[in-house]
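Worksheet: the structure to be examined is printed underneath.
Number of protein chains: 2
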Amino acid sequence: MTYRIGELAQALDCSVDTLRFYEKQDLLKASGRSPNGYRFYNDNARRQLAFILRAKAVGFSLEEIRELLEIRIHPAANCCEDVKSIAQRKLELVNAKLQELEKIRRALDQIVDACVGGSLPATECSILEALELEALELETEEPEA
Amino acid sequence: MTYRIGELAQALDCSVDTLRFYEKQDLLKASGRSPNGYRFYNDNARRQLAFILRAKAVGFSLEEIRELLEIRIHPAANCCEDVKSIAQRKLELVNAKLQELEKIRRALDQIVDACVGGSLPATECSILEALELEALELETEEPEA
DNA sequence: GTAAACCTTGGAGTTTAATCTAAGGTCAAG
DNA sequence: CTTGACCTTAGATTAAACTCCAAGGTTTAC
Ligand SMILES: [Zn+2]
Ligand SMILES: [Zn+2]
Ligand SMILES: [Zn+2]
Ligand SMILES: [Zn+2]
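First to last, the sequence lines map onto chains B and V. Just so we're aligned: 8 in full-length UniProt numbering is position 8 of the first sequence, and the numbers increase by one with no gaps anywhere. Just so we're aligned: 88 in full-length UniProt numbering is position 88 of the second sequence, and the numbers increase by one with no gaps anywhere.
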């Protein structure tokens, strides 16, 4: 498949301005130009854009995303020094984000549950209190997994 | 515990300017003022700030964080209409973020693994390719869980 | 052949989230 | 009783990430 800029923007729900901006920022270059000068994009570019948008949605800056995209294993070369340590640092960052999100998810879960059945004590009412409660439960209900 | 603005900022690794800015944005008010006019914060405020910083780190805007903080169950009142639907929408958002992050984590995992043992085919080299590969594996290795 | 709907560039403007500056008050140490 | 490290306010400035605009070229549709 190939897309013109507007088609790709529509397909992945962003603006054409954003695509031109990402090009300037060296995040996503067009796969080529048509004879008339229009940019075109292939499925590879589409996947890259999808990745950029996902990474952005979970709190990576464009600079960090650029770093993620630069992580490449080159089987012959000396990738294990540089690439692996960068990938590992990013992996730690991602794992930390996953843990924070898990906490927020469990707190929201509790709030939604409480709104249905009233299983939370009546005095607990905010997301902060749900987080506190959850922390207590993790401490007392699972003394040692 | 109570903290002056500088102490709280140092404890949670942000700037005093950020704390004053969050106050203006109605995200975090000081627990009170000392006779000399200085702000002070208690552990409750500290927890709220910790939540704000965590939520920010996983890609919530300050506006979204304000909405998260406003989610409150009031056991007597009509919370199940408004609160529950807001909490559910946020929960869906959080789950979506979790899925994106999981994908990125698995791709980074594969890259780190490949850098150690060379378990990835030598032609696979970028985070995008790791994502592709992972998608294929999920399709073929688990035809029906 | 001309209007509508695309696309091009360069550059200006906006929003979000801080971050900094200026002018000054508070307080403990020496 | 002054120096230094805090704190106060209001307002200006910055950086990141878009978003919009002007002036114009290209394609399809009637
Ligand atoms: Zn309810
Ligand atoms: Zn309440
Ligand atoms: Zn390697
Ligand atoms: Zn390669």
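Glycine included, each C-beta is placed from N, C-alpha and C at the ideal position.
For residue i, which of the options has the nearest alpha-carbon?
{"i": "residue 67(V)", "options": "91(V), 47(V), 4(V), 6(V)", "result": "91(V)"}
{"i": "residue 109(V)", "options": "140(B), 112(B), 133(B), 84(B)", "result": "84(B)"}
{"i": "residue 57(V)", "options": "39(B), 63(B), 100(B), 20(B)", "result": "100(B)"}
{"i": "residue 48(V)", "options": "139(V), 133(V), 38(V), 70(V)", "result": "70(V)"}
{"i": "residue 50(V)", "options": "140(B), 131(B), 139(B)", "result": "131(B)"}
{"i": "residue 93(B)", "options": "82(B), 61(B), 114(B)", "result": "61(B)"}
{"i": "residue 13(B)", "options": "32(B), 53(B), 44(B)", "result": "53(B)"}
{"i": "residue 1(B)", "options": "22(B), 133(B), 43(B)", "result": "43(B)"}
{"i": "residue 34(B)", "options": "88(B), 5(B), 27(B)", "result": "5(B)"}
{"i": "residue 87(V)", "options": "95(B), 111(B), 88(B)", "result": "111(B)"}
{"i": "residue 72(V)", "options": "114(B), 63(B), 36(B)", "result": "114(B)"}
{"i": "residue 65(V)", "options": "82(V), 22(V), 30(V), 36(V)", "result": "22(V)"}
{"i": "residue 55(V)", "options": "133(B), 105(B), 55(B), 15(B)", "result": "105(B)"}
Establish whether the CB of residue i and some CB of chain V are separated by less than 9 Å.
{"i": "residue 95(B)", "result": "yes"}
{"i": "residue 51(B)", "result": "yes"}
{"i": "residue 55(B)", "result": "yes"}
{"i": "residue 103(B)", "result": "yes"}
{"i": "residue 109(B)", "result": "yes"}
{"i": "residue 37(B)", "result": "no"}
{"i": "residue 8(B)", "result": "no"}
{"i": "residue 48(B)", "result": "yes"}
{"i": "residue 20(B)", "result": "no"}
{"i": "residue 16(B)", "result": "no"}
{"i": "residue 114(B)", "result": "yes"}
{"i": "residue 126(B)", "result": "yes"}
{"i": "residue 28(B)", "result": "no"}
{"i": "residue 136(B)", "result": "no"}
{"i": "residue 145(B)", "result": "Residue confidence is low: residue 145(B) scores 42 on pLDDT, short of 50, so the model does not pin down where it sits. No coordinate-derived value is stated."}
So, is the C-beta of residue i closer than 9 Å to a C-beta in chain B?
{"i": "residue 44(V)", "result": "yes"}
{"i": "residue 4(V)", "result": "no"}
{"i": "residue 139(V)", "result": "no"}
{"i": "residue 88(V)", "result": "yes"}
{"i": "residue 84(V)", "result": "yes"}
{"i": "residue 66(V)", "result": "no"}
{"i": "residue 31(V)", "result": "no"}
{"i": "residue 63(V)", "result": "no"}
{"i": "residue 132(V)", "result": "yes"}
{"i": "residue 100(V)", "result": "yes"}
{"i": "residue 40(V)", "result": "no"}
{"i": "residue 69(V)", "result": "yes"}
{"i": "residue 91(V)", "result": "yes"}
Buried or exposed, going by whether 16 or more other CB atoms sit within 10 Å of the CB of residue i?
{"i": "residue 10(B)", "result": "exposed"}
{"i": "residue 25(B)", "result": "exposed"}
{"i": "residue 41(B)", "result": "buried"}
{"i": "residue 59(B)", "result": "buried"}
{"i": "residue 150(B)", "result": "Within the shown structure, residues of chain B are numbered from 1 to 145, placing residue 150(B) beyond reach of any answer."}
{"i": "residue 107(B)", "result": "buried"}
{"i": "residue 46(B)", "result": "buried"}
{"i": "residue 103(B)", "result": "buried"}
{"i": "residue 39(V)", "result": "buried"}
{"i": "residue 97(B)", "result": "buried"}
{"i": "residue 129(V)", "result": "buried"}
{"i": "residue 135(B)", "result": "exposed"}
{"i": "residue 126(V)", "result": "buried"}
Which runs of the beta strand (DSSP E) at least 3 residues long sit entirely within the UniProt domain "HTH merR-type" (2–71) of chain V? Give them in chain order. 2–4, 39–42
Those runs of the beta strand (DSSP E) which lie wholly inside the segment 75–111 of chain V and span at least 3 residues: Fully enclosed beta strand (DSSP E) runs of no fewer than 3 residues are not present anywhere in the segment 75–111 of chain V.
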